[in-house]
Amino acid sequence: MKLVISSLILLPLVLGLSLKVNAELTDIGSPTPGINVKSPDHLNDTWKTPINNAITAWNGTATKVTIGYSSASSNTITAAQYSDTWYGLNTQWRSPYKYTIQLNARTITRDAKNFSNFVKGTAVHEFGHCFFLKDNPNTTLPSIMKYSNDFNTVTTPRPYDIDDVNSVY
Numbered sequence: 010m011k012l013v014i015s016s017l018i019l020l021p022l023v024l025g026l027s028l029k030v031n032a033e034l035t036d037i038g039s040p041t042p043g044i045n046v047k048s049p050d051h052l053n054d055t056w057k058t059p060i061n062n063a064i065t066a067w068n069g070t071a072t073k074v075t076i077g078y079s080s081a082s083s084n085t086i087t088a089a090q091y092s093d094t095w096y097g098l099n100t101q102w103r104s105p106y107k108y109t110i111q112l113n114a115r116t117i118t119r120d121a122k123n124f125s126n127f128v129k130g131t132a133v134h135e136f137g138h139c140f141f142l143k144d145n146p147n148t149t150l151p152s153i154m155k156y157s158n159d160f161n162t163v164t165t166p167r168p169y170d171i172d173d174v175n176s177v178y
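Following this note's numbering, the numbering of the sequence shown begins with 10 at its first residue and continues without gaps.
Written out as structure tokens, the structure reads:
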């Protein structure tokens, strides 16, 4: 019996396969890996550039994920002063699928040492929710979805996030 169990554990390692942890996902996200958002034309380049960089970060992952701009989209991303303590908020609706992303200019400006990175990291995190990613996953692996991230330096989806997204699409 010990030989069988040992073989089952060692076989993936010998074959070069990884033993992946189950994905931690939410129950809501885009039914397709391609989403659009209305261009944040109302924002200045100080905000638009890192938001564009966040979209590029997701589009550059080894996933089927694509984020694009469409003037006809009902999905929005904006930045404003909110009295709440969060950096970003993603509100989603199921049918038809729709989302709004709000970036909190008050808290981001207060805590950012590298403003552009902080906005990018926050936006990457919020877009992650569109792809079923859960806040603060219970893993020791790096994840853009962890609350403990310092968005001054953590600005892109991590392999754990990419694996989770790939488990959905």
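Just so it is clear, CB atoms sit at the ideal spot from N, CA and C, and this is done for glycine as well. On a predicted model such as this, the values are computed, not experimentally measured, just so you know.
- Query: Would N113 pass as a contact of C139 if the rule is Cβ separation under 8 Å?
  - Reply: As a first step, residue 113 is located in the sequence shown; it is residue number 104 there, counting from the start. As a first step, residue 139 is located in the sequence shown; it is residue number 130 there, counting from the start. 8 Å or more divides the Cβ of N113 from the Cβ of C139.
Boundaries of the beta strand (DSSP E) in which A66 is found, first to last residue = As a working note, residue 66 is residue 57 in the sequence shown. Note, A66: premise wrong, no beta strand (DSSP E); alpha helix (DSSP H) at D54 to N68.
Exercise. Quick one: what's T85 bridged to in DSSP?
Worked result: Along the sequence shown, one-based indexing puts residue 85 at 76. For T85, which the question treats as bridged, DSSP gives the partners T109.
Answer yes or no: the CB of A121 versus the heavy atoms of the ligand GDP, is any distance below 7 Å? For the structure depicted, the ligand GDP is absent and the ligand set is empty, with no information on it obtainable.
Problem - Residue from Q90, V177, S176 and T164 whose Cα sits closest to the Cα of I64 - result: Mapped onto the sequence shown, residue 64 falls at position 55. Checking every option, the nearest Cα to that of I64 belongs to T164.
Count the other CB atoms, across all protein chains shown, that sit within 10 Å of the CB of S104; report buried if there are 16 or more and exposed otherwise. Position 95 of the sequence shown, counted from the start, is the residue given in the question as residue 104. S104 comes out exposed.
By Cβ distance, which residues of its chain are closer than 6 Å to V177, with the 5 residues on each side in sequence left out?
Here residue 177 refers to the residue found at position 168 when the sequence shown is read from its first residue. Apart from the 5 residues on each side of it in sequence, V177 sits with its Cβ closer than 6 Å to the Cβ of F141 in its chain, given in chain order.
*asked:* Taking the alpha-carbon of K107 as reference, which of A32, D172, G43 and N175 has the nearest alpha-carbon?
replied: Translated into the one-based positions of the sequence shown, residue 107 becomes position 98. Comparing C-alpha distances from K107 to each of A32, D172, G43 and N175 shows the shortest one belongs to G43.
- Under three-state DSSP, which class holds N45? In the sequence shown, residue 45 corresponds to position 36, counting from 1. In the structure shown, N45 falls within a strand segment according to DSSP collapsed to helix, strand and coil.
Query raised in the report: In three-state DSSP terms, what is G137?
Result: As a working note, residue 137 is residue 128 in the sequence shown. Note: G137 maps to helix in three-state DSSP.
Measure from the alpha carbon of N158 to the alpha carbon of each residue in F127, P168 and D172, then state which is nearest. For the purposes of this step, residue 158 is taken as residue 149 along the sequence shown, with counting starting at 1. Considering only alpha carbons, the answer is F127.
Can you give me the C-alpha to C-alpha distance between T148 and I60, rounded to a whole angstrom? Reading the sequence shown from its first residue, position 139 is the one you call residue 148. Reading the sequence shown from its first residue, position 51 is the one you call residue 60. Straight through space, the alpha carbons of I60 and T148 are spaced by roughly 27 Å.
Check your understanding: Just how far apart, CA to CA, sit D54 and N62?
Key -> The residue labelled residue 54 in the question sits at position 45 within the sequence shown. The residue labelled residue 62 in the question sits at position 53 within the sequence shown. Approximately 12 Å between the Cα atoms of the pair.
Original post:
Span of the beta strand (DSSP E) holding N145?
Top reply: Working through the sequence shown from its first residue, we reach residue 145 at position 136. That residue, N145, is in no beta strand (DSSP E); it is neither H nor E in DSSP.
**Message:** Bridge partners for W95 per DSSP, in chain order?
**Reply:** On the sequence shown, position 86 is the one that residue 95 refers to. Per the DSSP secondary-structure output, W95 pairs with nothing in a beta bridge.
Contact set for N123: own chain, Cβ-Cβ below 6 Å, skip 5 residues either direction: Residue mapping note: residue 123 aligns to position 114 of the sequence shown, counting from 1. Only N161 meet the Cβ criterion.
How would you label W56, buried or exposed, when you count the other beta carbons within 10 angstroms and need 16 or more for buried?
-> The count along the sequence shown starts at 1 and reaches residue 56 at position 47. W56 is buried by the Cβ-count criterion.
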